[in-house]
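Participant: The structure under discussion is supplied below as structure tokens; questions concerning it will follow.
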Amino acid sequence: MSYFRQSIENLKGYAPGFQPSDQTVVKLNTNENPYPPSPKVIEAIQRMSPDQMRRYPPAMGDAFREAAAELNGVTPGSILCCNGGDDLLTIAFRALCDENRAAAYPTPTYSLYSVLARLQNCPVKELPFDETFNLPNTLAGTGAALTIVCNPNAPSGSIIEAPEMRALAEKLKNRSILLIDEAYADFSKTKCTRLVDELDNVIILRSMSKGYSLAGLRFGYAIARPEIISELAKVKDSYNVNTVSIVAATAAIRDQDYFLSNVIKIKAERGRVTVALRKLGFDVPDSETNFVLAKCPSGNASALYEKLVKHNIFVRYFDLPRLTDKLRITIGTRQQNDALLAALGGAEAD
Ligand SMILES: *Cc1c(COP(=O)(O)O)cnc(C)c1O
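Counting from 1, position 248 in the sequence shown corresponds to residue 247 in numbering that gives the first Met the number 0; the numbering is continuous, with no gaps.
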């Protein structure tokens, strides 16, 4: 006999990137920021009082809400604090999808979407991006209750410009929520924040994990009309963000100078790594994120992945359609990127 729901038994579950205990490895596999968080984050945590631990947190994370609202030019009522961007995805699926209400998204994309859809037992409309990662033109006509576009997309690093996203949202109006997953928008030239002013069916997802170096802390947020935020808030855990993470994430988002200087460094390295990989024979489309998706000259990305592991370098390989000849490589520090390029130069010569 089985104790669990059929959909749970059948589910493979989300496969997180490998987290080695050996701190000396060159870890370019989970799109973490290679730089530490702002020193102001550590100072803010150190200033916390025991009372802040004893008490429950402010349920809506007011301090962060205000800071994020200011930065994004919206009211605090337009922000929902979440325990990582992934928490917002869980909340959205629970609030919007069921057996009769489908989710739709272009693929290949973030693999968590399909896991959450199966948990929710909802129909899924997966529509392939074309060769150069343009939106499938049938995306507005799926009848789904929740349409997701990861923008910039993972693992392609590609971007859909704001006017095209606006056109999609307009077509979906009164029929579907459009959730724009902007986990990587900190590294891109395009953000769709302003669509929230114009349209009542748009939710923007942001993460503090990548641009702000806080993946271990777990903090992300939604930007949407207050009417949307209040519906999502009904579904969240009562205390979905903890007091330490509210204090830390607020200090991080208020230190824009530190944040921007890291983003500039990562974008510069992204350009350098892209050019160097192309010289080594990889096909590397321009990326709007903190990683690149590199097509291997040999076509055998799995073998190359193993060779890099032998050099103590970890990147991400996906055994999925359209991805078996590619490696997703996070942009690290200059030193880490040099180690990667040296190993690849050698590996290709093997
Ligand atoms: C990292 C990421 C998120 C959110 O991650 P959190 O660590 O939970 O904030 C959401 N979507 C995509 C595509 C991501 O890569």
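Each residue gets a CB set at the ideal place from its N, CA and C atoms; glycine is no exception.
If you measure between the beta carbons of leucine 138 and proline 105, is that distance less than 9 Å?
Facilitator: The answer is yes: Cβ separation under 9 Å.
Participant: Check the DSSP bridge columns for arginine 327 and list the partner residues they point to.
Facilitator: The partner list for arginine 327 (beta bridge, DSSP) reads Leu292, Arg315.
Participant: Assign valine 354 to one of three DSSP states: helix, strand, or coil.
Facilitator: Residue 354 lies beyond the stretch modelled for the chain, which goes from 0 to 349, so this question has no answer here.
Participant: Tell me whether arginine 217 counts as near ligand 1, meaning its Cβ is closer than 8 Å to at least one heavy atom of that ligand.
Facilitator: The answer is yes for arginine 217.
Participant: Could you tell me if alanine 348 is buried or exposed, where buried requires 16 or more neighbouring beta carbons within 10 angstroms of its beta carbon?
Facilitator: The predicted position of alanine 348 is uncertain, since its pLDDT is 47 and thus under 50; a value taken from the coordinates is nonetheless stated next. So alanine 348 ends up on the exposed side.
Participant: Do glycine 142 and ligand 1 come close, with the Cβ less than 8 Å from some heavy atom?
Facilitator: Result no, Cβ not under 8 Å from ligand 1.
Participant: Which value, in whole angstroms, describes the spacing of the CA atoms of proline 320 and aspartate 180?
Facilitator: Between proline 320 and aspartate 180, the C-alpha separation is close to 22 Å.
Participant: Give the secondary structure of threonine 106 by DSSP, where H, G and I count as helix, E and B as strand, and everything else as coil.
Facilitator: In the structure shown, threonine 106 sits in a strand (DSSP, three-state: E or B).
Participant: Hey, is the region 71-88 in contact with the region 193-205, meaning 3+ C-beta pairs nearer than 8 Å?
Facilitator: A contact exists between the region 71-88 and the region 193-205.
Participant: Leaving out five residues on either side along the sequence, give the residues of the same chain with a beta carbon under 7 Å from the beta carbon of glycine 142.
Facilitator: Here the set comprises Ala101.
Participant: Would you kindly work out how many angstroms separate the C-alpha atoms of cysteine 191 and arginine 4, rounded to a whole number?
Facilitator: In a straight line, the C-alpha of cysteine 191 is about 38 Å away from that of arginine 4.
Participant: Would lysine 325 be called buried (16 or more neighbouring beta carbons within 10 Å of its own) or exposed?
Facilitator: Buried, because 16 or more other Cβ atoms sit within 10 Å of the Cβ of lysine 325.
Participant: Across which residues does DSSP place serine 206 in a beta bridge pair?
Facilitator: Its beta-bridge partners are Gly219.
Participant: Could you check how far apart the C-beta atoms of alanine 250 and alanine 43 are, in whole angstroms? I think they sit under 8 Å.
Facilitator: At roughly 4 Å, the Cβ-Cβ gap stays under 8 Å, so alanine 250 and alanine 43 are in contact.
Participant: Let me check you understand the geometry: is the CB of glycine 156 closer than 8 Å to at least one non-hydrogen atom of ligand 1?
Facilitator: Glycine 156: no, Cβ never under 8 Å from ligand 1.
Participant: Ignore the nearest five residues each way along the sequence and tell me which others in serine 157's own chain have a CB closer than 6 Å to its CB.
Facilitator: The answer, listed in chain order, is Phe132.
Participant: Taking 9 Å as the threshold (C-beta atoms), are leucine 115 and isoleucine 228 in contact?
Facilitator: No, Cβ-Cβ distance for isoleucine 228 and leucine 115 is not below 9 Å.
Participant: Given a threshold of 16 other Cβ atoms within 10 Å of its Cβ, counted over all protein chains shown, does proline 127 qualify as buried or as exposed?
Facilitator: So proline 127 counts as exposed.
Participant: Where are the alpha helix (DSSP H) runs, 4 residues long or more, that stay fully inside the region 57-145, in chain order?
Facilitator: Those alpha helix (DSSP H) runs which fall completely within the region 57-145 and span 4+ residues are 61-71, 84-95, 111-119.
Participant: Report the residue from Lys209, Ile159, Leu340, Leu204 whose alpha carbon sits nearest the alpha carbon of lysine 188.
Facilitator: With distances taken between Cα atoms, lysine 188 lies closest to Ile159.
Participant: Pull up the distance between the alpha-carbon of tyrosine 55 and that of serine 297, whole angstroms please.
Facilitator: If you take the alpha carbons of tyrosine 55 and serine 297, they lie about 55 Å apart.
Participant: Cα-Cα, which of His310, Tyr304, Asn311 is closest to phenylalanine 317?
Facilitator: Per the Cα distances, Tyr304.
Participant: For leucine 178, list the residues DSSP reports as bridge partners.
Facilitator: Beta-bridge pairing links leucine 178 to Ile147, Ile202.
Participant: Methionine 47 lies in the alpha helix (DSSP H); which residues open and close that run?
Facilitator: Methionine 47 -> no alpha helix (DSSP H), and no H or E assigned at all.
Participant: For the alpha helix (DSSP H) holding aspartate 185, just list the boundary residues, first then last.
Facilitator: Looking at the DSSP string, aspartate 185 is not in any alpha helix (DSSP H), and its letter there is neither H nor E.
Participant: Excluding the 5 residues preceding and the 5 following serine 77 in the sequence, name in chain order all residues of the same chain whose CB lies nearer than 7 Å to its CB.
Facilitator: Closer than 7 Å at Cβ, skipping near neighbours: Ala68, Val195, Ile222, Ala223, Arg224, Pro225, Ile228.
Participant: I'd like to know if the region 90-98 and the region 205-217 are in contact, where contact means that at least 3 CB-CB pairs between them fall below 8 Å.
Facilitator: The answer is no - the region 205-217 does not touch the region 90-98, with fewer than three Cβ pairs under 8 Å.
Participant: Compute the beta-carbon to beta-carbon distance between threonine 332 and tyrosine 183, rounded to the nearest angstrom, for a pair I have assumed lies under 8 Å.
Facilitator: With 8 Å as the limit, threonine 332 and tyrosine 183 do not qualify as a contact, their Cβ atoms being about 18 Å apart.
Participant: Can you give the beta carbon distance from asparagine 200 to isoleucine 176, rounded, assuming they're within the 8 Å contact cut?
Facilitator: With a Cβ gap of about 5 Å, asparagine 200 and isoleucine 176 count as contacting.
Participant: Per DSSP, aspartate 282 is paired with what?
Facilitator: For aspartate 282, which the question treats as bridged, DSSP gives the partners Lys294.
Participant: Could you tell me whether the region 80-88 touches the region 231-251, where touching means 3 or more Cβ pairs closer than 8 Å?
Facilitator: Contact between the region 80-88 and the region 231-251 is present, because at least three Cβ pairs lie under 8 Å.
Participant: Quick check: the Cα distance between phenylalanine 290 and alanine 300, rounded to an integer number of angstroms?
Facilitator: Near 16 Å, if we compare the C-alpha coordinates of alanine 300 and phenylalanine 290.
Participant: In angstroms, rounded to a whole number, what distance separates the CA positions of serine 1 and leucine 10?
Facilitator: For serine 1 and leucine 10, the distance between alpha carbons rounds to 14 Å.
Participant: Flag leucine 204 as yes when its Cβ comes closer than 8 Å to any non-hydrogen atom of ligand 1, and as no otherwise.
Facilitator: Within the cutoff, so yes.
Participant: Measure from the alpha carbon of aspartate 185 to the alpha carbon of each residue in Gly215, Ala168, Gly219, then state which is nearest.
Facilitator: Ranking the options by Cα distance to aspartate 185, first place goes to Gly219.
Participant: Please say whether aspartate 282 and lysine 294 have beta carbons closer to each other than 9 Å?
Facilitator: Contact: yes.
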